[in-house]
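Asks:
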Amino acid sequence: MVSLGEPRPPTGAAGDLAALAELDETALLGGLRERFLRQLVYTDIGDILIAMNPFQPLPLYGREVAERYRHHQTGMLPPHIFAVASRAYHAMLGRRGGGPQNQCIVISGESGAGKTESTKLLLQHIMNLCKGNSQLEQQILQVNPLLEAFGNAQTVMNDNSSRFGKYIQLRFQNNTVRGAKLSEYLLEKSRVVQQDAGERNFHIFYYMFAGLSSEEKDMYGLLDPSLYRYISGWFGTQDVAQRWKHKYQEVCNALDMVGFQEQEQVDMQAILAGVLSLGNVTFEPEESNGSVKVSEASRGWLKAAAGQFGVQEDELLKCLICTMSVTRGEQIHRFHTQQQAEDARDSIAKVAYGRVFGWIVCKINELLAENVDPEVELGEIGILDIFGFENFAVNRFEQLCINLANEQLQHFFNHHIFQMEQSAYKEEELPWETITFNNNEPVLNLLLAKPLGLLSLLDEQSAFPQATDKTFVDKLNNTFKGNLHFQPGRGRVLGFSITHYAGKVQYAAEGFLEKNRDTLPANVHGLFINSITPLLSVLFTATVSRTGTLMPHVKAKIIPGADNKFNSTRKQSAGAQFRHSLMVLMERMYSANPHFVRCIKPNSQKEPGMVDSQVVLLQLRYNGLLETIRIRRDGFSWRPSFEEFAERYGILLVKPDIPLTKESCLEILQNTELTGWICGKSRLFFKYWHQEQLAKYVERLERAAVFIQKVFRAFRCRKSYLKLVAELRAQAQRLQEEAERERSRQLEMEAESQKRIFLPVPMPRKRRPQPCPHPRDKPPQPPVPRPRSKLTESTPFDNFLDRSVPCPVLGTEESTGEEAKMRKLKRGATLRWFKETQAQKVMQDDGAFPSWLHGMISRREAENLLIDKPLGCFLVRISQSRPGYILTYKGEGRCRHYMIQMQPNARYVILGEDRAHASLTELVRYHQSVGIQPFMEILSIPCGQKSSESLDYEDLECLTSGPPAAKDETPPEEQPCPSRPTTSRPALRSGAAAVLKQVWLRRTKKSQNQQSLDKNSTKRSSGKERGSQRTCPRLHSSIRLAMREIQQFSTPSNASLRICCRALSIEDEEPK
1 MVSLGEPRPP TGAAGDLAAL AELDETALLG GLRERFLRQL VYTDIGDILI AMNPFQPLPL
61 YGREVAERYR HHQTGMLPPH IFAVASRAYH AMLGRRGGGP QNQCIVISGE SGAGKTESTK
121 LLLQHIMNLC KGNSQLEQQI LQVNPLLEAF GNAQTVMNDN SSRFGKYIQL RFQNNTVRGA
181 KLSEYLLEKS RVVQQDAGER NFHIFYYMFA GLSSEEKDMY GLLDPSLYRY ISGWFGTQDV
241 AQRWKHKYQE VCNALDMVGF QEQEQVDMQA ILAGVLSLGN VTFEPEESNG SVKVSEASRG
301 WLKAAAGQFG VQEDELLKCL ICTMSVTRGE QIHRFHTQQQ AEDARDSIAK VAYGRVFGWI
361 VCKINELLAE NVDPEVELGE IGILDIFGFE NFAVNRFEQL CINLANEQLQ HFFNHHIFQM
421 EQSAYKEEEL PWETITFNNN EPVLNLLLAK PLGLLSLLDE QSAFPQATDK TFVDKLNNTF
481 KGNLHFQPGR GRVLGFSITH YAGKVQYAAE GFLEKNRDTL PANVHGLFIN SITPLLSVLF
541 TATVSRTGTL MPHVKAKIIP GADNKFNSTR KQSAGAQFRH SLMVLMERMY SANPHFVRCI
601 KPNSQKEPGM VDSQVVLLQL RYNGLLETIR IRRDGFSWRP SFEEFAERYG ILLVKPDIPL
661 TKESCLEILQ NTELTGWICG KSRLFFKYWH QEQLAKYVER LERAAVFIQK VFRAFRCRKS
721 YLKLVAELRA QAQRLQEEAE RERSRQLEME AESQKRIFLP VPMPRKRRPQ PCPHPRDKPP
781 QPPVPRPRSK LTESTPFDNF LDRSVPCPVL GTEESTGEEA KMRKLKRGAT LRWFKETQAQ
841 KVMQDDGAFP SWLHGMISRR EAENLLIDKP LGCFLVRISQ SRPGYILTYK GEGRCRHYMI
901 QMQPNARYVI LGEDRAHASL TELVRYHQSV GIQPFMEILS IPCGQKSSES LDYEDLECLT
961 SGPPAAKDET PPEEQPCPSR PTTSRPALRS GAAAVLKQVW LRRTKKSQNQ QSLDKNSTKR
1021 SSGKERGSQR TCPRLHSSIR LAMREIQQFS TPSNASLRIC CRALSIEDEE PK
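Sequential numbering from 1 applies to the sequence shown in this note's numbering.
(1) For the ligand COA, is there a heavy atom less than 7 Å away from the beta-carbon of Tyr-89?
(2) Ile-932 and Gly-872 - do their beta-carbons sit closer together than 8 Å?
(3) Please identify the residue among Glu-627, Ile-126, Thr-541, Val-493 whose C-alpha is closest to the C-alpha of Val-84.
(4) To the nearest angstrom, report how far apart Arg-588 and Asp-159 are at their CA atoms.
(5) Just to confirm my understanding: we take Ile-529, look at its own chain, exclude 5 residues before and 5 after, and list those with CB closer than 8 Å. What are they?
(6) Taking C-alpha atoms, which residue in Leu-694, Asn-280, Gly-259, Pro-942 lies nearest to Ser-232?
(7) Could you check what DSSP says for Tyr-889 in three-state terms: helix, strand or coil?
(8) Check whether the region 644-663 touches the region 59-72, counting contact only when three or more Cβ pairs, one atom from each stretch, lie closer than 8 Å.
(9) Taking the beta carbon of Val-805 as the centre, do at least 16 other beta carbons fall within 10 Å, making it buried, or is it exposed?
(10) Within 10 Å of its beta-carbon, does Val-311 have 16 or more other beta-carbons around it, so buried, or fewer, so exposed?
(11) Note down the Cα distance separating Glu-667 from Asp-657, rounded to an integer number of angstroms.
(12) Please report how far the alpha carbon of Ala-839 lies from the alpha carbon of Gln-138, in whole angstroms.
(13) Tell me the rounded alpha-carbon separation between Arg-68 and Ala-916.
(14) Which residues share a DSSP beta bridge with Lys-504?
(15) In chain order, which beta strand (DSSP E) runs of at least 3 residues are fully inside the region 573-644?
(16) With a 10 Å radius around its C-beta and 16 neighbouring C-beta atoms as the bar for buried, classify Pro-78 as buried or exposed.
(17) From this set, Met-208, Asn-864, Gln-154, which residue's C-alpha is nearest Gly-198's C-alpha?
(18) In this structure, what does DSSP give as the bridge partners for Pro-488?
(19) Could you tell me the boundaries of the beta strand (DSSP E) in which Asp-385 lies?
(20) Under 8 Å between the Cβ atoms of Ala-502 and Phe-642?
(21) Could you tell me if Met-1106 is buried or exposed, where buried requires 16 or more neighbouring beta carbons within 10 angstroms of its beta carbon?
(22) In chain order, what are the residue ranges of uninterrupted alpha helix (DSSP H) at least 4 long that sit wholly in the region 85-147?
(23) Identify the residues that DSSP records as bridge partners of Val-876: which are they?
(24) With a threshold of 8 Å between beta-carbons, can Gly-62 be considered close to chain D, or not?
(25) Using a Cβ-Cβ cutoff of less than 8 Å, which residues in the same chain neighbour Gln-142 once the five nearest sequence positions on both sides are dropped?
(26) How big is the Cα-Cα spacing for Ser-277 and Met-76?
(27) Taking the alpha carbon of Lys-318 as the reference point, which residue from Ile-708, Leu-409, Gly-526, Pro-488 has its own alpha carbon closest?
(28) Just how far apart, CA to CA, sit Val-524 and Ser-347?
(29) Just to confirm, is the Cβ distance from Leu-875 to Ala-862 under 8 Å?
(30) Could you name the residues of the same chain whose beta carbon sits closer than 6 Å to that of Lys-293, not counting the 5 residues immediately before and after it, in chain order?
(31) Considering just the uninterrupted stretch of the beta strand (DSSP E) at Asp-845, what are its terminal residues?
(32) Taking the alpha-carbon of Gln-945 as reference, which of Leu-865, Glu-370, Leu-458, Asn-623 has the nearest alpha-carbon?
(33) Anyone know if the C-beta pair for Lys-217 and Leu-1041 falls short of 8 Å?
(34) Provide the residue span of the beta strand (DSSP E) that contains Cys-895, from first to last.
(35) From Lys-681 to Leu-93, what distance separates their C-alpha atoms?
(36) Tell me whether Glu-922 sits in a helix, a strand or coil according to DSSP, three-state version.
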């Protein structure tokens, strides 16, 4: 063992708790409090980040800050969440003391500590680091707001609490992101049908009511939000509703950006409306046979739910009030009690919403999947954002699973920080005083052990039809009697307590068996498969994997008459699914290099600038941060083997082919100024800051190598240049000598000619010049450009805005026949794409193109049009090489060219922007008020054509027809385009005439259909443009009748109930 010097933290490591002189709870809490009150919310413990939730926006995440943390040498910068993202990204690329390796970032903390916001900031910075000008990066960033709307809700502890867990895997090829995959864990479906006091349902329901227009609400069959039981009549103040409306627009934009089809979005919202309507169906006992029936007041709600789900009303009613089974070929109907009918209603709502959420995740994975060769090895960064530890007044099955996941994450943290590190010290026989920590393995064994773990016993009881929650609790009491981490319930409360790593939690056992079974009423499966709503049919045709993941493309085998067996064979219990998914998650994380972010909640009141010492101290204790500081201060977090270290840092010896041995490692380290490292028997032991210092040595050599390459290349280029200059001078001298000889020869010939005597020669008769006939059908040829010198010829990508400089014409470069042929094919394909799919969308009502739209002109021609235009002038042109558009903008001193991408769901996006548009006109209109990133340039003045007689979309001229023709009008097969003067253009080609005929026929048919409609109908306002373009859901015609029935039963008592609910919501919002 060799030791060099004393360990010390690096200079400039401000905010590193591992550098504390005194290590106790008082010093730790005081340091965190002092930094937090100075709005320094990030603190390091070595390479572990502590993030305290400020409960307010802070100016810490701008572009200038992000640029400072772009590089992997962040040791001289203050602690920041961007530094964690930068470390993970560069470690994935192999720039931090090892080869390329998959990374994972684990974000943990209790509910309300800021985990979701930290996840968004990590994604934002990683996408900024791998900036490849790809639309995929913007699509990945849009995943978070989409999942927040469908998976987050307000709780008593957090206004935006994640009610599910997610693990985002970013896939990279070299330094560019190529795809992403999302895994979701344990959505709290019970929240759809029940919320505790002070809590709300999932955000999306409130966003829909605030964001949908009146016409769209009628289309989906939605009434006043105070009528719906599943959202408890809570809505909010006008300001809150306005904020929710903005959130709904963000969700719609995220759906468009990620790539969801319009019909899919409509079907999804129709299903959500059906879930809300189904929740208002109530039951009452039937007097004759003891069964139940739907109450008269909720008949309309049943009819509305059936219409929104796209099923028959009587079939849905059968699923609610009775169960059908087949015995020896006979169908037997067993009628439900009122409680069973209500459970069946809530089960359908929970399963429908859960399937929608699972489908969204599956669709995201499908749209963001990497499109690379399967043999190409991709790097990966995983980000885990999972629900925090929860301890409410009433804790149910969901809280048990959530706290189990947090127990598993705490064990993962302990394993990497304490167990692995201290076992390495023992193997290498280093002098080390063992640091004790709170090992939570006994709690995990209590919950996960087989066959006598809590979840195993729960599955066992769930398999017995006669088992109840009481028999389950009795089984637990008998099995875990004497276990230090389990306590039976006291008094008459049906429950039990478990001592977790974060404290003791008492669980109410009521509903454990039902939630674990996750049953679905018989016949519902077949009913929804036959729904006329395509999405609902897809959701229930899909199968569910062992981990609870929805697989829409794998169809389940449906056997006629076997619907009653669906519940027993379709999947495992909810607890078993969660256990399997947790096991898969841990396998992924153990195979990657972890980075830890520990989120701390400063107070329980969600107040900015306030620190509750008791709340913070409790979190510091159960997170084991004191022990973490000690092991990071005294321990060695980086432990490479001799071979790994010599292979990575052998360049520091500046020797070729060094042996990968211990001696080479020591020689490398002796050439550096590192102190505090230790050499063991088979590996080296380094402090967490040594990687940064070694990276600086490597970077210094890299800069030296670049300088040597620069000098050598300059020498080669200068040598070639001098050789070329010498050849040019020699050539110029030869040409001068030849010119002198030619001049001398001419002088001699003139001298001889003066000596001769010539006879007079008659002059020829002058003829009148005849005009050269040109074929009428052949267009005039453009003038041949004068060839330029290759030394001064400009490339087609130069921007010439100086009028004194001659502008080269694109296309004068020499090209081979194959290149010209390929260019012609691409141009033809793009032109065909525009005529077939875009022309009708871009045309205005008068049949002409907008003034800012130009044809398939080149980059140089677009810049020539804008050369004398004012700042902010713009035009849109059709791309010559691909189906799409390019926006050319006159900026300060140059032109900018923005690519407009056409997504598969027919949305238009400027590459790099975070907003999708339904039409090209809408895109232009939006950016006339909102600047284009990153320079925030606003479109101001459209650039028109040079003149009305020389339009630059000659290939598209046949499409610019006027208003629709009358019924008795004939197709204009031989007529010139009305948008062009008849004398300035030749006759149309036969192909263009055919296209014009098709357009004319389509416009005539459209005109006839329009005349048959109601003449008093008017166009909607521009503010409702998005809603008017939406596809209508496939609803039953009875939906409007159902809404009338519901409105008839809106009695004054119901009206007073709505007023009370609104008053409650206002009182709830005002303190915030």
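All C-beta atoms, glycine included, are put in the ideal place defined by N, C-alpha and C. Quick caveat: nothing in here was measured; it's all calculated off a predicted structure.
Replies: In brief:
(1) In terms of ligand content, the structure shown is empty, and the ligand COA therefore cannot be addressed.
(2) Translated into the one-based positions of the sequence shown, residue 872 becomes position 872. Translated into the one-based positions of the sequence shown, residue 932 becomes position 932. Their beta carbons are not under 8 Å apart, which means Gly-872 does not touch Ile-932 by this criterion.
(3) Your numbering for residue 84 matches position 84 in the sequence shown. Ranking Glu-627, Ile-126, Thr-541, Val-493 by Cα distance to Val-84 puts Ile-126 first.
(4) In the sequence shown, counting from the first residue as 1, residue 588 sits at position 588. In the sequence shown, counting from the first residue as 1, residue 159 sits at position 159. Going from the Cα of Arg-588 to the Cα of Asp-159 covers about 31 Å.
(5) On the sequence shown, residue 529 is found 529 positions in, with the first residue counted as 1. The answer, listed in chain order, is Ser-537, Phe-540, Thr-541, Ile-558.
(6) Along the sequence shown, one-based indexing puts residue 232 at 232. Comparing Cα-Cα distances from Ser-232 to each of Leu-694, Asn-280, Gly-259, Pro-942, the minimum goes to Asn-280.
(7) For the purposes of this step, residue 889 is identified with residue 889 of the sequence shown, where counting begins at 1. In this structure, Tyr-889 counts as strand in the three-state DSSP scheme.
(8) no
(9) Taking the sequence shown and counting its residues from 1, the one referred to as residue 805 is at position 805. Low confidence applies here, because Val-805 scores a pLDDT of 46, under 50, leaving its location unreliable; read the following figure in that light. By the 10 Å Cβ count, Val-805 comes out exposed.
(10) As a first step, residue 311 is located in the sequence shown; it is residue number 311 there, counting from the start. Answer is buried; the Cβ neighbour count reaches 16.
(11) Start at 1 with the first residue of the sequence shown, and residue 667 comes out as number 667. Start at 1 with the first residue of the sequence shown, and residue 657 comes out as number 657. About 14 Å.
(12) Within the sequence shown, residue 839 is the residue found at index 839, counting from 1. Within the sequence shown, residue 138 is the residue found at index 138, counting from 1. Their Cα atoms are separated by approximately 28 Å.
(13) Counting from 1 along the sequence shown, the entry for residue 68 is found at position 68. Counting from 1 along the sequence shown, the entry for residue 916 is found at position 916. Using only the alpha carbons, I get a separation of about 30 Å.
(14) Counting from one through the sequence shown, the residue named residue 504 turns up at place 504. Lys-504 is bridged to Thr-499.
(15) 593-600
(16) The residue you call residue 78 lines up with position 78 of the sequence shown. Classification of Pro-78: buried, given that the 10 Å Cβ count is 16 or more.
(17) As a first step, residue 198 must be located in the sequence shown, where it is residue number 198. The option with the nearest alpha carbon to Gly-198 is Gln-154.
(18) For this step, residue 488 is matched to residue 488 along the sequence shown. In the DSSP output, where bridge partners are listed per residue, Pro-488 has Phe-496.
(19) One-based indexing of the sequence shown puts residue 385 at position 385. Taken as a continuous stretch (DSSP letters only), the beta strand (DSSP E) holding Asp-385 covers 379-385.
(20) Numbered from 1 along the sequence shown, position 502 holds the residue referred to as residue 502. Numbered from 1 along the sequence shown, position 642 holds the residue referred to as residue 642. Going by C-beta atoms, Ala-502 is not nearer than 8 Å to Phe-642.
(21) Not covered by the structure: residue 1106. The range shown for the chain is 1 to 1072.
(22) 115-129, 135-141
(23) Within the sequence shown, residue 876 is the residue found at index 876, counting from 1. Val-876 is bridged to Leu-853, Leu-887.
(24) Chain labels in this structure do not include chain D; a single protein chain is all it has.
(25) For the purposes of this step, residue 142 is taken as residue 142 along the sequence shown, with counting starting at 1. Within the same chain, Gln-142 has close Cβ partners Asn-253, Ala-254, Met-257, Val-258, Asp-914.
(26) Sequence index remark: in the sequence shown, residue 277 carries index 277 (1-based). Sequence index remark: in the sequence shown, residue 76 carries index 76 (1-based). One C-alpha to the other measures close to 58 Å.
(27) Translated into the one-based positions of the sequence shown, residue 318 becomes position 318. Among Ile-708, Leu-409, Gly-526, Pro-488, the Cα nearest to that of Lys-318 is on Gly-526.
(28) By one-based count along the sequence shown, residue 524 stands at place 524. By one-based count along the sequence shown, residue 347 stands at place 347. Approximately 10 Å between the Cα atoms of the pair.
(29) By 1-based counting over the sequence shown, the position of residue 875 is 875. By 1-based counting over the sequence shown, the position of residue 862 is 862. Yes; because the gap between Cβ atoms is below 8 Å, this pair is in contact.
(30) Locating residue 293 in the sequence shown gives position 293, counting from the first residue. If we look at Lys-293 and ignore the five residues flanking it on each side, its Cβ neighbours are Glu-286.
(31) Within the sequence shown, numbered from 1, the residue matching residue 845 stands at position 845. Unbroken run through Asp-845: none, as it is neither H nor E.
(32) Numbered from 1 along the sequence shown, position 945 holds the residue referred to as residue 945. Of the listed residues, the one whose Cα sits closest to Gln-945 is Leu-865.
(33) On the sequence shown, residue 217 is found 217 positions in, with the first residue counted as 1. On the sequence shown, residue 1041 is found 1041 positions in, with the first residue counted as 1. No, Cβ-Cβ distance for Lys-217 and Leu-1041 is not below 8 Å.
(34) Working through the sequence shown from its first residue, we reach residue 895 at position 895. It spans 895-902 - the beta strand (DSSP E) in which Cys-895 sits, taken as one unbroken run.
(35) The residue labelled residue 681 in the question sits at position 681 within the sequence shown. The residue labelled residue 93 in the question sits at position 93 within the sequence shown. If you take the alpha carbons of Lys-681 and Leu-93, they lie about 29 Å apart.
(36) One-based indexing of the sequence shown puts residue 922 at position 922. Helix at Glu-922.
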